[in-house]
Every structure is written in C-alpha cells, then in structure tokens.
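Okay, so the sequence shown: first residue is 2 according to the working numbering, each after it adds one.
This report refers to the structure that appears directly beneath it.
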Amino acid sequence: MMKVVDRSAESGFPIKPVYRAQDVAGGLAERLGEPGQFPFTRGVYSTMYTRRPWTMRQYAGYGTAAESNARYHQLRRAGQTGLSVAFDLPTQMGYDSDEPIAHGEVGKVGVAIDSIEDMRTLFDGIPLDEVSTSMTINAPASVLLLLYQLVGEEQGVLASTLTGTVQNDILKEYIARGTYIYPPAHSLRLTSDIFAYCNAEMPRWNTISISGYHMAEAGANPVQEIAFTLANGVQYVQAALDAGMAVDEFAPRLSFFFVSRTTLLEEVAKFRAARRIWARLMAQRFGARNPKSLMLRFHAQTAGVQLTAQQPEVNVVRVTAQAIAAIFGGAQSLHTNAYDEAIALPTEKAARLALRTQQVLAHETDLTATVDPFAGSYAIEAMTDELESGVVTLMDKVDQLGGAVQAIEAGFQKAEIERTAYQTAVQIDSGDRVVVGVNRYRLDTEDPYQPLRVDPAIEDRARERLAMLRSSRSPVAVGRALDELRRAAKDPDSNVLYPMKRALAARATVGEVCHALRDVWGSYVPSESF
Numbered sequence: 002m003m004k005v006v007d008r009s010a011e012s013g014f015p016i017k018p019v020y021r022a023q024d025v026a027g028g029l030a031e032r033l034g035e036p037g038q039f040p041f042t043r044g045v046y047s048t049m050y051t052r053r054p055w056t057m058r059q060y061a062g063y064g065t066a067a068e069s070n071a072r073y074h075q076l077r078r079a080g081q082t083g084l085s086v087a088f089d090l091p092t093q094m095g096y097d098s099d100e101p102i103a104h105g106e107v108g109k110v111g112v113a114i115d116s117i118e119d120m121r122t123l124f125d126g127i128p129l130d131e132v133s134t135s136m137t138i139n140a141p142a143s144v145l146l147l148l149y150q151l152v153g154e155e156q157g158v159l160a161s162t163l164t165g166t167v168q169n170d171i172l173k174e175y176i177a178r179g180t181y182i183y184p185p186a187h188s189l190r191l192t193s194d195i196f197a198y199c200n201a202e203m204p205r206w207n208t209i210s211i212s213g214y215h216m217a218e219a220g221a222n223p224v225q226e227i228a229f230t231l232a233n234g235v236q237y238v239q240a241a242l243d244a245g246m247a248v249d250e251f252a253p254r255l256s257f258f259f260v261s262r263t264t265l266l267e268e269v270a271k272f273r274a275a276r277r278i279w280a281r282l283m284a285q286r287f288g289a290r291n292p293k294s295l296m297l298r299f300h301a302q303t304a305g306v307q308l309t310a311q312q313p314e315v316n317v318v319r320v321t322a323q324a325i326a327a328i329f330g331g332a333q334s335l336h337t338n339a340y341d342e343a344i345a346l347p348t349e350k351a352a353r354l355a356l357r358t359q360q361v362l363a364h365e366t367d368l369t370a371t372v373d374p375f376a377g378s379y380a381i382e383a384m385t386d387e388l389e390s391g392v393v394t395l396m397d398k399v400d401q402l403g404g405a406v407q408a409i410e411a412g413f414q415k416a417e418i419e420r421t422a423y424q425t426a427v428q429i430d431s432g433d434r435v436v437v438g439v440n441r442y443r444l445d446t447e448d449p450y451q452p453l454r455v456d457p458a459i460e461d462r463a464r465e466r467l468a469m470l471r472s473s474r475s476p477v478a479v480g481r482a483l484d485e486l487r488r489a490a491k492d493p494d495s496n497v498l499y500p501m502k503r504a505l506a507a508r509a510t511v512g513e514v515c516h517a518l519r520d521v522w523g524s525y526v527p528s529e530s531f
C-alpha cells in the first residue's frame, strides 16, 4: 500500500489528504455571502467573468520609448486589452539617463523616460481615451502620472476620463525592493497628495496598487504576502485620513497587486482570504460605508521567481497553472510572464505566447462560465480559514510594533521575509522541494537560446536627447517652476502635484523634479536594526 505523504502549504499549515465538512467552520453559506456582496469572499462583482473576462494587461517596456511603443502596438494587435509600463532602474530611482549613477542601466529592465518628450513618444499612436494604462512606478509615481496626464491633454483627452493605475506603493520598496528615494514620512505625504490630486482631477484613475507581488518575489510566503500588503494598506488609509480626506473619497480607487504561484489551491484560498479581511478592516476599523470602499480589487502576475533558466519551455506549463490560480481566485486583471524571462527580456514571440495563454483560458475553457466555482469546497474553505487566521495574527504583530512604517524602520518585515526565503532555498538545495529541470528531471545539455538584448548605444542616444532638450527649453521657466515645487514641498498644507505638473510642462526632467524634492526632504537610509 502506497504511503500517504504529508504535505504543508507554502504558509506552513498542514494540508490534509482529505477534507470533510467538519474541517470547515459552521454556517458556511452565511459566512461566504454572495459574489459582489460583503465580505466579498466570492469575488468583488456579482457576475465576475460571466459577462466579460479579466483585463489582459501584459507588462512591457525596454530600451527607448520608441522601441517600447513598437512593442505596445504589437501587443495591442495581438489582442491585449490593457497597457502596463515597465520603467528602467534610473527612472524608478528618479535619475535622468545622463547622470553618472545611471550608467549601464539605461533601458535595461524597462523603458527609459526622462521627460515629456519621451512620454509622448511612448504613447505615440495610442489613443489614451481608449486604453487603460498601468504604470509600475513608485517613488517617482507622481512624476510619471503627471507626464501621462500631460500627454493625454496633448491628445485632447480630458484628465477626468483617463483610466489606469499607478503603483505608487512606496512602503513595499522599503521592505522588498529598494527603489525608494525619500524618507517614509515624506513618501506617505506624496502618496496622500496623489490621492487628493486624483480625487479632484483624475477621478477614474486608480491611485495606488498596494503590492504583495514584490514581497513574494523576495521570498514571502502567502500569509506574509497578504499580511504585510494589507498592513501597508492600513498605513496608506490612515495617512490619507490624517491628511483630512474622508475614507469614502479615496478608498474606492485603492487597488492591490499580488503574485499567483503554482500552488493553485493555496493561491485561490489566499485571494479569498485577502478580500474578506480587507472588507472587514475597511468597514470595522475605518468606518467605510461605500461598498466600493470595501472591495479588494487586484491585479495578479504569475510568479517570475518560480521560472527557471533551465528548460525554459517548461515555464509555459508553470505560467498556465499560475494563471488558472489567479482566475479561480478572482483577479480583475492578469499579466502572464513569458517563458524566457528567467534568461533575459522576453522576445516578441514569447510575449505573444504569454498573451495567447490568457486568451486560450478565457475563450477555450469553461473558467468564465460560472462565478467562483470553488465556493463550498471543503479544502478551499478550510485553507481560506487557515490563511485568514495566519494573516490576522501577523498583522497584529505589525500593529504591536506601531504600524507598517515603524515595523519597516525596525526591519521586521524584511527579516521575516528573508527567513522564509532562506528556508525555501534550503529546501530546493536539499531536493525536499522539487523544481523540475533544476533539482530533478535535469538535462545533460540545454537547447541553445537567443535572448533579446538591449542595444548599449541607447544610453548615448538618451544623453543626446537630453542635451537637445536642455538647450531648447527656457532655463528661467524651468528654474522658476522647480523653485515653486521646492516651496510646496516645505509646506505640509500644499499639494506638490500642482507645481510639479507645471515644472514638467516647462520640460523639466524626471531627475530634476526628483532632485528638487530631495533638496527639501532628503534621501532615505535604511535601518538594519531588527
């Protein structure tokens, strides 16, 4: 007789070989509610995908604005329904392409955007009144958002009609990524200014995408991913309230961003638990009354950290399983990684295949035929309860440390994630955790692969474009606008986005705007105290 192997979830709780009714808390139907109703365990909308599928939003951007623009047009022709912009590291850190610190990184992990001229090129031929655009940018989120608005205005599109999302989640940068600029208090002020600005000027824009994805990529397990993400969300809500906004003014535009792993059942349970916890937090802790304020709407991306450079075509299978988990979990939009991303930037063919994966799932399967097909599953509901309990316990620890910012400054979240990442690495090295093609089912030789490479000459071309920009604009107008921005940054009652927009319209660069705020707020130096 074959021995039953005990399994544990990524989050640590045991997975039972068989689940029964007694494993699930009583009153199941009453606890779950209906799709589109509090506590939104079964999804934020009553019809979910039965009327239309999720938004297929492929994350893309590399090299110059012109090269990325060509990729966007290719993806739109292939059927992509939403744009998602990847920025290079200098742009993410608020530096221009011609600064010494940017050398060697221009256009490498995303597109280089230095000014309104680059943003104009990036969206050339793309009508901004017809697309929804997500921009993965954090510390300089306000700068890129305003550049997008300015390009929309040049196209004759009213700011009030622009739709999309700016990530704008700076707290997770201190925890997991490191592309922060300013100290946390000033970063939170900037986040609140974005909330207020969009409430007044861009009411259809999602002002933040509170992200657990990057924490998961750094090693967080599902409980940590949700707990730390929602704790950051609590901090953002409180910062906006402290700035004088009413919760139902800004909460309907909050959104989230999570990873979707190959552990399909646990991922589905994770998404369900996250919705339930957030709905209760918003209603009970913050007194939100608008049902939209209680909805945890989220974008999912398949797990890049689980992709392998060995036998990369096997990643197609992994990505498909991860995408199914996100769909069963109720994602509002989805990015599927290309199979070659563990090696280099995705080729055009690989990016198209990633999109085709979503299209097959949407149109050739019955995943969209009914809402929340896992509802009532003993296994899923028990795992949802397990995840909820673990998340609430970990969020309580963050609260005990004084909230997300104080916990970040103590190094708590970072230390917890690093501990989990180390445990995972040990399991892979020992073979206890199987990774196909890496520690089991290996090949003696790998098939040759020709990756996409970014032309190193783009850095020289970027320098030339910046030199031309600076020689053709009015230095007096730019200097005056940047001085106005510095004065606003010193005044806690001012919203810095208004003078920032005027500076960008005067053709100030991304780096110049960020440096003006550095002049007033300084730069953050992390603590290693925990």
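For each residue, glycine too, the CB sits at the ideal point set by N, CA and C.
In this text the structure is predicted, and so the values were computed from the model without any measurement.
**OP:** Could you tell me how far apart the beta carbons of A142 and M396 are, in whole angstroms, since I believe they sit closer than 8 angstroms?
**Re:** With a Cβ gap of about 25 angstroms, A142 and M396 do not count as contacting.
Subject >> Beta-carbon proximity list for I127, same chain, < 8 angstroms, skipping 5 on both sides >> reply: N70, Y73, H74, R77 and L84
Original post:
M203 bridges to which residues according to DSSP?
Top reply: M203 is not bridged to any residue.
Original post:
Is it true that the region 318-338 meets the region 367-385, where meeting means three or more beta-carbon pairs spaced less than 8 angstroms apart?
Top reply: Remark: three or more beta-carbon pairs, one from each stretch, lie closer than 8 angstroms, so the region 318-338 and the region 367-385 are flagged as touching.
Subject >> Local conformation of L402 per DSSP, three classes >> reply: coil
Original post:
What do you get for R8, buried or exposed, if any count of 16 or more other CB atoms within 10 angstroms of its CB means buried?
Top reply: exposed
Subject >> Residues sharing a beta bridge with Y379, DSSP >> reply: BP columns for Y379 are empty, so no partner.
Original post:
What separation, rounded to the nearest whole angstrom, lies between the Cα atoms of T421 and E314?
Top reply: 28 angstroms
Subject >> Alpha-carbon to alpha-carbon, Q360 and L368 >> reply: Spanning the two alpha carbons is a distance of roughly 12 angstroms.
**OP:** Decide yes or no for the touch test of the region 209-225 against the region 304-312: beta carbon pairs closer than 8 angstroms, at least 3 of them.
**Re:** yes
Original post:
Rounded C-beta distance between S210 and F257? I'm assuming under 8 angstroms.
Top reply: Indeed, because the Cβ distance is near 7 angstroms, the residues count as touching under 8 angstroms.
**OP:** Could you tell me which of V526, Y379, A411 and H364 sits nearest to M57, measuring between CA atoms?
**Re:** H364
Original post:
DSSP state of L112, grouped into three classes?
Top reply: It should be noted that the sequence gives Val, not Leu, for residue 112. Reduced to three states, the DSSP call for V112 is strand.
Original post:
Per DSSP, what kind of secondary structure is I16 in: helix, strand or coil?
Top reply: In the structure shown, I16 sits in a strand (DSSP, three-state: E or B).
**OP:** Starting from the C-beta of L146, find all residues in its chain whose C-beta is less than 6 angstroms away, skip the five residues before and the five after it, and write them out in chain order.
**Re:** V167
Original post:
Three or more beta-carbon pairs under 8 angstroms between the region 153-164 and the region 184-192, yes or no?
Top reply: no
Subject >> Of the listed residues Q424, Q333 and Y214, nearest to Y46 (C-alpha basis) >> reply: Closest by alpha carbon: Q333.
Original post:
If we ignore side chains and look at the alpha-carbon of each, how far apart do T348 and D341 end up?
Top reply: 8 angstroms
Original post:
Hey, out of S390, G391 and F413, whose CA is closest to Q401's CA?
Top reply: F413
**OP:** Pick helix, strand or coil for A301, following the three-state DSSP scheme.
**Re:** strand
Original post:
Would you say the region 248-264 touches the region 456-465, given that touching needs at least three Cβ pairs under 8 angstroms?
Top reply: Touching, no.
**OP:** Kindly indicate which three-state DSSP category R21 falls into: helix, strand or coil?
**Re:** coil
Original post:
Looking at C-alpha atoms only, which residue of A240, G432, K271 and T82 is the closest neighbour of R43?
Top reply: K271
Original post:
Roughly how many whole angstroms lie between the Cα atoms of G80 and T321?
Top reply: 18 angstroms
Original post:
How do the region 105-119 and the region 501-513 stand: do at least 3 beta-carbon pairs fall below 8 angstroms, yes or no?
Top reply: Because the criterion of three Cβ pairs below 8 angstroms is met, the region 105-119 and the region 501-513 touch.
Subject >> For R464 and D99, believed in contact at Cβ under 8 angstroms, the rounded distance >> reply: 4 angstroms
Subject >> Residue span of the beta strand (DSSP E) that contains F259, given as start and end >> reply: Start and end: L255 to S261.
Subject >> DSSP three-state assignment for T104, whether helix, strand or coil >> reply: First, the amino acid is wrong: residue 104 is His here, not Thr. Of the three classes helix, strand and coil, the one that applies to H104 here is coil, per DSSP.
**OP:** Would you mind reading off the limits of the alpha helix (DSSP H) that contains Q75?
**Re:** It spans A66 to R78 - the alpha helix (DSSP H) in which Q75 sits, taken as one unbroken run.
**OP:** Could you have a look at M2 and say whether DSSP puts it in helix, strand or coil?
**Re:** Its pLDDT being 43, under 50, M2 is placed unreliably by the model, and nothing is read from it.
**OP:** Answer yes if the region 169-187 comes into contact with the region 509-525, meaning at least three C-beta pairs across the two stretches below 8 angstroms, and no otherwise.
**Re:** yes
Original post:
Around the C-beta of E447, are 16 or more other C-beta atoms found within 10 angstroms, so that it is buried, or is it exposed?
Top reply: Exposed is the call here.
Original post:
Among residues of its own chain, excluding the 5 on either side of V107, which ones have a beta-carbon nearer than 7 angstroms to its beta-carbon?
Top reply: The answer, listed in chain order, is D89, P91, S98, A113, I459, E460 and A463.
Original post:
CA-CA distance, A240 and I195?
Top reply: 12 angstroms
Original post:
Helix, strand or coil: which one does DSSP assign to L242?
Top reply: Here L242 sits in helix by DSSP.
Subject >> Where Q59 sits in the DSSP three-state scheme >> reply: strand
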